[in-house]
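Residue numbers for the sequence shown follow the numbering used here, beginning at 132 and rising by one.
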Amino acid sequence: MSKYTYLRAYMAGIVVPTIFLLVIMAVFSVARFIYHVPIPIERVIVFPMAMVPNLWGAWNMLYVALRSRPHLPVGFHGAALLFVIAPVGLTLARTLDLQFPTPAFAATVFPIGLVAYYLAWKYLVGFFNELLGIA
Numbered sequence: 132m133s134k135y136t137y138l139r140a141y142m143a144g145i146v147v148p149t150i151f152l153l154v155i156m157a158v159f160s161v162a163r164f165i166y167h168v169p170i171p172i173e174r175v176i177v178f179p180m181a182m183v184p185n186l187w188g189a190w191n192m193l194y195v196a197l198r199s200r201p202h203l204p205v206g207f208h209g210a211a212l213l214f215v216i217a218p219v220g221l222t223l224a225r226t227l228d229l230q231f232p233t234p235a236f237a238a239t240v241f242p243i244g245l246v247a248y249y250l251a252w253k254y255l256v257g258f259f260n261e262l263l264g265i266a
């Protein structure tokens, strides 16, 4: 099963954020349209729905491409992706004049995000990599 290694790596990478974002979008839709909760994220929802799964897939392809060299475990590799996504997301928030989080809030949330990304990549993306024979 050595055909289409990078395609399988891309597909293994996009599974987790795609399912997560579908659940988030369903919760948002119910809250917004049924319970009339004023959540002003319509302008920003395009970024996570379009970019995050693609970045996860490309990042997993990079992990597979670098596995012939001494490399980080998949959990650490995935946690490093947050150093790419966070600045892009914060720049987008500032560009769209959204409420910008305070530095103290960002300093509190960022380590939690690192742990979440580490665990998601170690257990979920790692599982899909093994399932598709690219671990």
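Even for Gly, the Cβ is constructed at its ideal location relative to N, Cα and C.
Considering only the alpha carbon of each residue, which of the options lies closest to residue i?
i, options, result
"Leu223", "Ser160, Val146, Met182", "Met182"
"Trp252", "Gln230, Thr239, Pro184, Ser199", "Pro184"
"Val215", "His202, Phe241, Thr233", "Phe241"
"Ala217", "Pro201, Leu197, Ile243, Ser199", "Ile243"
"Ala265", "Leu245, Val246, Leu197", "According to the sequence as given, residue 265 is Ile; it is not Ala. Comparing Cα-Cα distances from Ile265 to each of Leu245, Val246, Leu197, the minimum goes to Leu197."
"Val246", "Phe207, Leu227, Arg200", "Phe207"
Determine, using beta carbons only, whether residue i and residue j come nearer to each other than 8 Å.
i, j, result
"Phe178", "Gly220", "yes"
"Val205", "Ala140", "no"
"Leu250", "Ala143", "no"
"Leu229", "Val161", "no"
"Met192", "Tyr254", "no"
"Phe164", "Ile172", "no"
"Trp187", "Pro148", "yes"
Short of 6 Å in beta carbon distance, which residues of its chain neighbour residue i, apart from the five on each side in sequence? Order them along the chain.
i, result
"Leu212", "Trp190"
"Tyr248", "Gly209, Ala210, Leu213"
"Phe259", "Ala143, Val146"
Which class does residue i belong to by DSSP, given the choice of helix, strand or coil?
i, result
"Pro234", "helix"
"Pro201", "coil"
"His167", "coil"
"Gly264", "coil"
"Leu172", "For clarity, residue 172 is Ile in the given sequence; the question names Leu instead. Coil, per DSSP."
"Ser160", "helix"
"Lys253", "helix"
"Asn135", "Per the sequence shown, residue 135 should be read as Tyr rather than Asn. Coil at Tyr135, not helix or strand."
"Leu245", "helix"
Sorted by chain position, which residues of the same chain lie with C-beta nearer than 8 Å to residue i's C-beta, five sequence neighbours on each side aside?
i, result
"Ala238", "none"
"Phe236", "none"
Tell me which same chain residues have a C-beta within less than 7 Å of the C-beta of residue i, skipping the five on either side of it?
i, result
"Tyr135", "none"
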